[in-house]
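Down below is the structure, laid out as structure tokens.
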Amino acid sequence: IHSLNSFYISSVGPGEYSRLFQFADSFTNLIKMSIKTMYYDIEFITTLLEKLSKLKVLSLKTEKFSKKELDFAIYSQIEALKIEFRTIRTVIYKLPHSSFNLSSISILTGKQYIDNYNSICEASKSSNNWRVKLLGKRISCYSINE
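Residue numbers (full-length UniProt numbering): 1 to 146.
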């Protein structure tokens, strides 16, 4: 049980959150997790990250993203974040001013990728800690360590 370090969850909804939290309590040595959720739920993600303090890589695929902004500061304890969601609006991004452990963020947003790329470029101007690139439809952000 304690040797498990990677886990993939194909689909989790609000009804399964408590069972996933119990799982996280049992597998605290996870370093890589991939989750597919129906909705982007900040409370769920925050609680899960608190329970998985050794997590280094998180891949999160969300079917419905209805938020107007996305603050990446909650992911500062991990090293790499891959996030994929579909949205019909431009999202306001908040990159962490000091990245702590977070060194790369990869974002796929669907048809709004150009607008979202421009939005995250605007966010990165307030902090010289991030380099942002558009690679195809993927937005890639890299921490610049000084």
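For each residue, glycine too, the CB sits at the ideal point set by N, CA and C.
DSSP three-state assignment for residue i, whether helix, strand or coil
| i | result |
| --- | --- |
| Glu79 | coil |
| Thr28 | coil |
| Ser10 | strand |
| Leu60 | strand |
| Lys54 | coil |
| Tyr40 | coil |
| Ser66 | coil |
Identity of the residue in the options nearest residue i by Cα
| i | options | result |
| --- | --- | --- |
| Thr37 | Pro14, Ala80, Val57 | Pro14 |
| Gly136 | Leu49, Leu60, Gln112 | Gln112 |
| Lys61 | Asp41, Ser53, Glu69 | Asp41 |
| Ser127 | Arg138, Tyr142, Lys54, Asn116 | Tyr142 |
| Ser18 | Asn29, Ile31, Glu43, Lys68 | Glu43 |
| Lys67 | Arg89, Leu49, Leu81 | Arg89 |
| Tyr117 | Trp130, Ser98, Arg138, Asn129 | Arg138 |
| Phe85 | Glu63, Ser53, Lys125 | Glu63 |
| Gln22 | Ile31, Ser98, Glu50 | Glu50 |
| Val91 | Asn129, Ile114, Leu48 | Ile114 |
Contact set for residue i: own chain, Cβ-Cβ below 6 Å, skip 5 residues either direction
| i | result |
| --- | --- |
| Leu4 | Phe27 |
| Lys133 | Ser140 |
| Tyr8 | Ser34 |
| Ile83 | Leu60, Ile107 |
| Tyr93 | Leu70, Ser119, Ile120, Ala123 |
Residues of its chain near residue i, where Cβ-Cβ distance is below 8 Å and the 5 sequence neighbours each way are ignored
| i | result |
| --- | --- |
| Glu79 | Lys56, Val57, Asn101, Leu102, Ser103, Ser104 |
| Ile31 | Asn5, Ser6, Lys54, Leu55, Lys56, Val57 |
Neighbourhood of residue i by C-beta, 7 Å cutoff - its chain only, sequence neighbours within 5 removed
| i | result |
| --- | --- |
| Thr46 | Ile74 |
| Pro96 | Phe72, Ala73, Ser76, Leu102 |
| Thr87 | Phe65, Thr109, Gly110, Gln112 |
| Ser11 | Lys36 |
| said: Restricting to runs no shorter than 3 residues, where is the beta strand (DSSP E) found entirely within the region 69-143? | reply: Those beta strand (DSSP E) runs which fall completely within the region 69-143 and span 3+ residues are 69-71, 80-85, 92-94, 104-108, 130-135, 138-143.
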